[in-house]
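Asker: Before I ask anything, let me first share the structure, which is written out below as C-alpha cells.
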Amino acid sequence: MSDTSSSHSAQLTLNSSLTAWLDYMQQIHVSAIDMGLSRVLPVAEALGIVQSAKDKAYVFTVAGTNGKGSTTAVIAQLCQAGGYRTALYQSPHLSVFNERVRINGEMVSDQTLIDAFYKVERARLNCGLTLSFFEMTTLAAMLIFAESKCDVWVLEVGLGGRLDVVNIIDPDIAVITNIGIDHVDWLGDNTEAIGREKAGILREGITLVYGSEEMPQSVQQAIAQHNVICYQVTQDYHYRKLDAEIWQYSNAAVTMQLPRPALSLINTANALSAILASSLSVDLPAIEQALQTVKLAGRFDYRTHQDRHWLFDVAHNEQGVAFLIDQLSRLWQDHIAQHRAGSTGSIKMLFSMLADKDIDKVVQRLSQANLPISEWFIAEIDYPRAANVTDLRCIMSQYVADNDIHDYKDLATATQAVAATSDPQDLIVVCGSFHTIGAALAALGI
3 MSDTSSSHSA QLTLNSSLTA WLDYMQQIHV SAIDMGLSRV LPVAEALGIV
53 QSAKDKAYVF TVAGTNGKGS TTAVIAQLCQ AGGYRTALYQ SPHLSVFNER
103 VRINGEMVSD QTLIDAFYKV ERARLNCGLT LSFFEMTTLA AMLIFAESKC
153 DVWVLEVGLG GRLDVVNIID PDIAVITNIG IDHVDWLGDN TEAIGREKAG
203 ILREGITLVY GSEEMPQSVQ QAIAQHNVIC YQVTQDYHYR KLDAEIWQYS
253 NAAVTMQLPR PALSLINTAN ALSAILASSL SVDLPAIEQA LQTVKLAGRF
303 DYRTHQDRHW LFDVAHNEQG VAFLIDQLSR LWQDHIAQHR AGSTGSIKML
353 FSMLADKDID KVVQRLSQAN LPISEWFIAE IDYPRAANVT DLRCIMSQYV
403 ADNDIHDYKD LATATQAVAA TSDPQDLIVV CGSFHTIGAA LAALGI
C-alpha cells in the first residue's frame, strides 16, 4: 500500500460524504478489476464477515452471463414475502450506488454505507493490503448485512465466480443462469473456460439450479466433483406462458399457475426453483404476492414519459441482445395496436457500449432483427472503458446506413435529441450498457 493511500484515507472520516468515499476507493488500487481472493480474505476475516454468514444467514449465490439481476431480485422478493429479513447485493447500479445494497427491498442510507466503508478501510489498512473498488464495496455490503442480522443473503456475482469477491461466502444454494461469451479478457473465450469459472461458486454437497438447456462439460465435471445436487431447466423444472396474465411452473413435486411478473419468465423460474430447493418456507400466497410486486429498473423496463414511449434494457452482449430482440418483437406488436392508429411509427435506438464488449455482434444482431429500427442515436459513455463515438460509428456503418446514425457529445444530449425527434407512436429503445441506461434515466429525470 502506498503512503498516498494512507494519507488520503486519513482525511476521510465518518463525516465524509458518500461521493468522497466512492471517489477515494476508485483510486487506491492499481486496477479496477483484479481477480483473486488472496487479498480479500484477510480483510473479510478481520471483519468477521465470513463467520457471520456461515453461522447466521441462508445464502443464495447467483452467477451467469445474463439474467443475474432479475434472478436475484426475484429470489429476494420471494424471501421477503415469506417473512425473512432479506439482504440483496447487486451490481452495477443505474442511478445511485445505494441501489447495490438493499435490505427488505429498501436501499441502505448513505450513512450506513459510509460507516461500513470506514470499517472496511480500517481493516484493510491493518492488514496492509490494497483492495479494488469492487472488493471494498462488496465487503462493505456484506458487513452491513452481517450487522443488520439478515436471515437471508442474496448475492449476485460480479464477474465469473471462482475468483469473484462474492465467492468468499459459501452458498447454501447456487444458481448459474446461463453461460455465454462475455468478459473474455478475464474468463476465457469459450464456454468451457467460462463455465469452469462460474462453477467455482459450487461447494461440497450443495444444490445448484442451472437455468439453461446447454451445460458445458466443465460444469458437469464440477457438479460431479463436489457431489452437487443439480436441477436443470427443461429437465427438472419447466415453465410456460399461459396467457397475458398467467404462467405455469412445474417440477416433479408441484405444478403452479402464477401471476406473470414484470421480469422474464426464465429468470423467474430459476429463482422460484432456488427457493423450492432451499430449506426456507415460502407458501403459495407469498409466492403470488412476490411475483406481483417484483421489479428491477433497466431490465426490459417499459415506461411512458412526457408522451414518449421508452424501453430500457441493459443488454450488452450477444446473448442478452438475442433475448431483448425476442421480447421486443412481441412488445412492438402490442405497441402498434395501442399507439400507431394508422400512423407510421418506428423504433429508435439510443445506444452506446463499453469498448471491451463485442460491439460488432450486438449491433449486427440488432440491425438484422426483423424490427422497424429507423434511426440510431449514439454518444460516448462517461466511463473509462467507454467506446468512443468514432469507433461506434465505424462498427455500426457496416450494418446501418450512415444517414441513420446520429452522434452526440454525451448521452444526455443524445437522450434529449431522440425524445425531441420522436412521435408518440414511436418506441425509443435504450440499450448497450448499464451506464447507457443510467445516463438516459438521469437526463430524463426519472
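Okay, so the sequence shown: first residue is 3 according to this note's numbering, each after it adds one. We treat Cβ as the ideally placed atom computed from N, Cα and C, and that holds for glycine. Bear in mind that the values here come from a model prediction, so they are computed numbers and not experimental data.
Closest by CA to N17, which one among G107, Y60 and L115?
Answerer: Reading the sequence shown from its first residue, position 15 is the one you call residue 17. Per the Cα distances, L115.
Asker: Within 10 angstroms of the Cβ of T392, are there 16 or more other Cβ atoms? Answer buried if so, exposed if not.
Answerer: Along the sequence shown, read from residue 1 onward, the residue named residue 392 stands at position 390. With fewer than 16 Cβ atoms within 10 Å of its Cβ, T392 is classed as exposed.
Asker: For H307 and L446, I'd like the C-alpha separation in whole angstroms.
Answerer: The residue labelled residue 307 in the question sits at position 305 within the sequence shown. The residue labelled residue 446 in the question sits at position 444 within the sequence shown. One C-alpha to the other measures close to 8 Å.
Asker: Grab the span of the beta strand (DSSP E) containing C232 for me, first residue to last.
Answerer: To locate residue 232, count along the sequence shown from 1; it is residue 230. I231 to Q234 is the extent of the beta strand (DSSP E) around C232.
Asker: For V167, which of helix, strand or coil comes out of DSSP?
Answerer: As a position in the sequence shown, residue 167 is number 165, starting the count at 1. In this structure, V167 counts as helix in the three-state DSSP scheme.
Asker: Excluding the 5 residues flanking I448 on each side, which residues of the same chain have their C-beta closer than 8 Å to its C-beta?
Answerer: For the purposes of this step, residue 448 is taken as the residue at position 446 of the sequence shown. Excluding sequence neighbours, I448 sits near R305 and H307.
Asker: When DSSP labels each residue in this structure, what does S134 get in the three-state scheme?
Answerer: Indexing the sequence shown from 1 puts residue 134 at position 132. Correct three-state label for S134: coil.
Asker: Given L326, which residues of its chain have a CB within under 6 Å of its CB, disregarding the five upstream and five downstream residues?
Answerer: Position 324 of the sequence shown, counting from 1, holds the residue named residue 326. Around L326: D315 and A317.
Asker: Quick one: grab the DSSP three-state call for S9.
Answerer: Here residue 9 refers to the residue found at position 7 when the sequence shown is read from its first residue. For S9, the predicted structure reports a pLDDT of 47, less than 50, and the residue's modelled location is therefore unreliable. A value from the coordinates is still provided. DSSP places S9 in helix when its eight states are reduced to three.
Asker: For V98, is the classification buried or exposed, using 16 other Cβ atoms within 10 angstroms of its Cβ as the cut-off for buried?
Answerer: If you number the sequence shown from 1, residue 98 lands on position 96. So V98 counts as exposed.
Asker: According to DSSP, which residues form a beta bridge with Y251?
Answerer: To locate residue 251, count along the sequence shown from 1; it is residue 249. According to DSSP, Y251 bridges with Y241 and M258.
Asker: Might you give, ordered along the chain, the residues of its own chain that have their beta carbon closer than 6 Å to the beta carbon of Q79, omitting 5 neighbours on each side?
Answerer: Within the sequence shown, numbered from 1, the residue matching residue 79 stands at position 77. Excluding residues within five positions, the ones whose Cβ falls inside 6 Å are A292 and V296.
Asker: Residues in its own chain within less than 8 Å of V221 by CB, not counting five upstream and five downstream?
Answerer: Here residue 221 is taken as the residue at index 219 of the sequence shown, counted from 1. Excluding sequence neighbours, V221 sits near I178, I181, G197, R198, K200, A201 and Y212.
Asker: In chain order, what residues of the same chain have a beta carbon less than 6 Å from the beta carbon of C433, not counting five sequence neighbours either side?
Answerer: In the sequence shown, residue 433 corresponds to position 431, counting from 1. Result list for C433: D315 and A317, in chain order.
Asker: Near S54, what residues of its chain come up, given a Cβ to Cβ distance below 6 Å and the 5 sequence neighbours on each side ignored?
Answerer: Here the question's residue 54 lines up with position 52 in the sequence shown. So the list reads A148, once near-sequence residues are dropped.
Asker: Per the DSSP calculation, E320 is bridged to which residue(s)?
Answerer: Counting from 1 along the sequence shown, the entry for residue 320 is found at position 318. According to DSSP, which records beta bridges pairwise, E320 is partnered with nothing at all.
Asker: Does the region 221 to 237 come within contact of the region 131 to 148, defined as at least 3 CB pairs closer than 8 Å?
Answerer: Touching, no.
Asker: Using the beta-carbon count (16 or more within 10 Å), is C396 buried or exposed?
Answerer: As a working note, residue 396 is residue 394 in the sequence shown. Classification for C396: exposed.
Asker: Considering Cα atoms alone, identify which of K58, T67 and S93 is closest to C152.
Answerer: What you label residue 152 is simply residue 150 of the sequence shown in a count that begins at 1. It is K58.
Asker: Take V52 and list the residues in its own chain whose beta-carbon comes closer than 7 Å to its own, dropping the five residues that flank it on each side.
Answerer: Counted from its first residue, the sequence shown places residue 52 at position 50. Around V52: A46, I170 and I171.
Asker: Cβ atoms of A125 and I146: under 7 Å apart, would you say?
Answerer: Residue mapping note: residue 146 aligns to position 144 of the sequence shown, counting from 1. Residue mapping note: residue 125 aligns to position 123 of the sequence shown, counting from 1. Not closer than 7 Å, so no.
Asker: At the level of alpha carbons, what is the spacing between S134 and G38?
Answerer: As a first step, residue 134 is located in the sequence shown; it is residue number 132 there, counting from the start. As a first step, residue 38 is located in the sequence shown; it is residue number 36 there, counting from the start. Taking the straight line from one Cα to the other gives about 11 Å.
Asker: Can you tell me the Cα-Cα spacing of P173 and Y233, whole angstroms?
Answerer: Within the sequence shown, numbered from 1, the residue matching residue 173 stands at position 171. Within the sequence shown, numbered from 1, the residue matching residue 233 stands at position 231. For P173 and Y233, the distance between alpha carbons rounds to 16 Å.
Asker: For E215, does the count of other Cβ atoms within 10 angstroms reach 16, so buried, or fall short, so exposed?
Answerer: Counting from one through the sequence shown, the residue named residue 215 turns up at place 213. With fewer than 16 Cβ atoms within 10 Å of its Cβ, E215 is classed as exposed.
Asker: With a floor of 4 residues, list each alpha helix (DSSP H) that falls wholly inside the region 24 to 66, ordered by position along the chain.
Answerer: The region 24 to 66 contains these whole alpha helix (DSSP H) runs: 42 to 49 and 51 to 58.
Asker: Hey, would you say L161 sits closer than 7 Å to V168, going by beta carbons?
Answerer: Here residue 161 corresponds to residue number 159 of the sequence shown, with the count starting at 1. Here residue 168 corresponds to residue number 166 of the sequence shown, with the count starting at 1. Not closer than 7 Å, so no.
Asker: Using the C-alpha atoms, what's the distance from S252 back to A414?
Answerer: Taking the sequence shown and counting its residues from 1, one reaches residue 414 at position 412. Taking the sequence shown and counting its residues from 1, one reaches residue 252 at position 250. When rounded, the distance between both Cα atoms is 45 Å.
Asker: DSSP beta-bridge partners for R126?
Answerer: By 1-based counting over the sequence shown, the position of residue 126 is 124. Partner(s): none; R126 has no beta bridge.
Asker: Between L278 and I77, what straight-line distance do the alpha-carbon atoms span, to the nearest angstrom?
Answerer: Taking the sequence shown and counting its residues from 1, one reaches residue 278 at position 276. Taking the sequence shown and counting its residues from 1, one reaches residue 77 at position 75. Roughly 10 Å separates the two Cα atoms.
Asker: Are the beta-carbon atoms belonging to M355 and I375 less than 7 Å from one another?
Answerer: On the sequence shown, residue 355 is found 353 positions in, with the first residue counted as 1. On the sequence shown, residue 375 is found 373 positions in, with the first residue counted as 1. The answer is no: Cβ separation not under 7 Å.
Asker: Who does R449 pair with in a DSSP beta bridge?
Answerer: In the structure displayed, the chain extends from 3 to 448; residue 449 sits before or after that span and is not available.
Asker: With the cut-off set at 7 Å, would you say D412 and I380 are in Cβ contact?
Answerer: Position 410 of the sequence shown, counted from the first residue, corresponds to residue 412. Position 378 of the sequence shown, counted from the first residue, corresponds to residue 380. No, they are not a contact pair.
Asker: In the structure shown, what three-state DSSP assignment does D328 receive?
Answerer: For the purposes of this step, residue 328 is identified with residue 326 of the sequence shown, where counting begins at 1. Helix at D328.
Asker: Taking the Cβ atom as the reference point for each residue, do V323 and R367 lie within a distance shorter than 7 Å?
Answerer: In the sequence shown, counting from the first residue as 1, residue 323 sits at position 321. In the sequence shown, counting from the first residue as 1, residue 367 sits at position 365. Contact: yes.
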